[in-house]
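For the sequence shown, the numbering used here assigns the number 7 to the initial residue and increments by one for each residue that follows.
No residue lacks a Cβ here, since even glycine has one placed at the ideal position from N, Cα and C.
Here the structure is a predicted model, which means the values were calculated and not measured.
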Amino acid sequence: MKLFDEAMIMQDEIIRLRRDFHRHPELGFEEVRTAGIVAQQLTALGMEVKTGIAETGVIGIIRGKSDAPVLLLRFDMDALPILEETGAPYASETPGKMHACGHDSHVAVGLSVAKLLAAHKEDLAGTIKFVFQPAEEGGGGAERMVEAGVLDNPKVDYSMGMHVWNDKPVGWFGLNPGPSMAGGHIFSIKLTGKGAHGASPHQGIDPIMAATQIISSLQTITSRNINPLESAVVSVCTVNAGSAFNIIPQEAVLTGTIRTFKPEVFEKVQTRFYEIVENVATAMGCQSEISLTRMTYPVINDPELVSLMTDVVKELVADAKIDAAIQTMGSEDFSFMMQDVPGCFLMVGSANKERGLDYGHHHPKFDIDEASLAPAVAILAEGAIRILESHPNSK
Ligand SMILES: [Zn+2]
Ligand SMILES: [Zn+2]
């Protein structure tokens, strides 16, 4: 029987798994229940299993006919601090926590790919390392797993990951043979002025005024400093200051994110960011403290892996719509696992507009069409077999 048919037979089980994880969402580095189920299932499949990597991460290794090459398959496990509003029978049982990005589906797909490939060990020309990762949502889970040595022992030759994609319908697949997701940085700006009575501004230094000037001026980076044909985003997303209507506060704190694809574009944004924040703050009489840290690298897919995966999707899914031009300023910490080895990040269309399953990622009503999951299992399993067999980029 073909892998695709075997995956389709597993459909009910995949959905049952996904709904169980959906009911029990866990935030980054707290994925204890999820990781426990993952470890138990991988162990039952006869894999070498390691737990507690970067807190709650799990690794399962399955060896085929030979040890090399080694393919890493990564699935993220964390949920978000959102109160679910889907009203689904399998909705979150923990108020304020929700699988609103689809990582519940990723765990279910990952475990199903593991089951499928464990049954086809004899078809594997190398080793597969299943990586179930904590804290993708800004928690730095992938970086921590890489630091913990997830790319070594055995040394990884290729990495592959996936994401359900609710901007696009079931049957759509995003496979861009190059840069597909932006690199992300997180910033925080602390502005210190001098507190005063709201009626006597001349006796103080107003950090709120400095904050507003900085927020406006930062928008000139993308509009005035970056080549309009390049991509960059600078977003201030939190503004915190003040405690009462009649007090000019001592402090204002801004946080936000910068997204870019190219290192040289980021360098330019970074230079202007410091110049604007420091100098506008000084001009307004405030002191500034800036923290700017990398959250993710850009996701840059390997053309050979993408070409192989594109063939697999075309063969397995008759009416697949393959989007080789997909690009988003969204970011993914899977990029840490494809920094040193060729990688491929597959985006799987999961929306169904007719059924109202097309809310965006991180929305309280986010839900997917589960018909997207079994084909994703088949594609990843078949892709894994072929990557190990053909060992692309090795000549
Ligand atoms: Zn997300
Ligand atoms: Zn996500």
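Beta-carbon within less than 8 Å of residue 128's beta-carbon, same chain only, minus the 5 sequence neighbours each way: which residues are those? 70 and 71
Between the Cα of residue 87 and those of 44, 50 and 33, spot the shortest distance and give me the residue it belongs to. 33
Residue 372 and residue 80 look like a contact to me (Cβ under 8 Å); what is the Cβ gap, rounded to whole Å? Rounded, the Cβ-Cβ distance is 21 Å, inconsistent with contact.
By Cβ distance, which residues of its chain are closer than 8 Å to residue 401, with the 5 residues on each side in sequence left out? Confidence at residue 401 is low in this model, with a pLDDT of 49, below 50, so the placement of that residue should be treated as unreliable; the coordinate-derived value is given next. Nothing meets the Cβ criterion.
CB-CB under 7 Å to residue 123, same chain, minus the five flanking residues each way: which ones, in chain order? 68, 130, 134, 387 and 390
Check residue 355 in the structure and name its three-state DSSP category. strand
Exposed or buried, residue 234, counting other C-beta atoms within 10 Å across all chains shown (16 or more means buried)? Here residue 234 is exposed, its C-beta having fewer than 16 other C-beta atoms within 10 Å.
What is the residue span of the alpha helix (DSSP H) that residue 309 lies within? 309 to 322
Length at least 3, wholly inside the segment 30 to 104: the beta strand (DSSP E) runs in chain order: 54 to 59, 63 to 69 and 76 to 82
Report the rounded CA-to-CA distance for residue 347 versus residue 193, giving the unit in angstroms. 28 Å
Give a yes or no on whether the C-beta atoms belonging to residue 195 and residue 283 are separated by under 7 Å. yes
Residue range of the unbroken beta strand (DSSP E) whose run includes residue 113: Per DSSP, residue 113 belongs to no beta strand (DSSP E); it is in the alpha helix (DSSP H), 109 to 124.
Assuming residue 266 contacts residue 349 (C-beta within less than 8 Å), just tell me the rounded distance between them. With a contact defined as Cβ atoms closer than 8 Å, residue 266 and residue 349 miss out at about 19 Å.
If you reduce the DSSP assignment to three classes, tell me which class residue 234 lands in. coil
Delimiting residues of the beta strand (DSSP E) encompassing residue 265: 257 to 266
Taking the beta strand (DSSP E) that residue 198 falls in, what are its first and last residues? 189 to 198
Residue range of the beta strand (DSSP E) that residue 218 falls in? No beta strand (DSSP E) holds residue 218; the alpha helix (DSSP H) holding it covers 213 to 226.
Any idea what DSSP makes of residue 138, helix, strand or coil? strand
Where does residue 401 sit, in a helix, a strand or coil, going by DSSP? Reliability of the predicted coordinates at residue 401 is poor, the pLDDT of 49 falling under 50, and the value obtained from them is presented with this limitation in mind. Residue state, collapsed to three classes: coil.
Closest by C-alpha distance to residue 224, when choosing among 262, 279, 254 and 236: Cα-wise, what sits closest to residue 224 is 279.
Closer than 6 Å to a non-hydrogen atom of ligand 1 - does that hold for the CB of residue 105? no
My guess is that residue 240 and residue 227 are in contact by the Cβ rule of under 8 Å, so how many angstroms apart are they, rounded? Confirmed, Cβ separation roughly 5 Å.
What did DSSP end up calling residue 251 once you bin it into helix, strand or coil? coil
Should the segment 353 to 371 be called in touch with the segment 199 to 217, which here means at least 3 C-beta pairs below 8 Å? Flag = no, the segment 353 to 371 and the segment 199 to 217 do not touch.
In chain order, what residues of the same chain lie with their CB nearer than 7 Å to the CB of residue 150, ignoring the 5 residues before and after it? 60
Simplified DSSP state of residue 164, which is helix, strand or coil: Strand at residue 164.
Beta carbon of residue 2: closer than 6 Å to some heavy atom of ligand 1? This structure leaves residue 2 out entirely; the chain is present only between 7 and 401.
Within 10 Å of its beta-carbon, does residue 208 have 16 or more other beta-carbons around it, so buried, or fewer, so exposed? exposed
Measuring only from the beta carbon, is residue 28 closer than 6 Å to any heavy atom that is part of ligand 1? Not under cutoff, so the answer is no.
Span of the alpha helix (DSSP H) around residue 388: 379 to 396
Measuring alpha carbon to alpha carbon, tell me which of 392, 85 and 64 ends up nearest residue 48. 64
Hey, out of 204, 290, 132 and 276, whose CA is closest to residue 249's CA? 204
Got a sec, what are the start and stop residues for the alpha helix (DSSP H) residue 299 sits in? No alpha helix (DSSP H) contains residue 299, which is instead part of the beta strand (DSSP E) from 293 to 302.
Local conformation of residue 306 per DSSP, three classes: Assignment of residue 306 by DSSP, reduced to helix, strand and coil, places it in the strand class.
Return helix, strand or coil for residue 203, following the three-state DSSP convention. strand
Who pairs with residue 185 in a beta bridge, going by DSSP? 306
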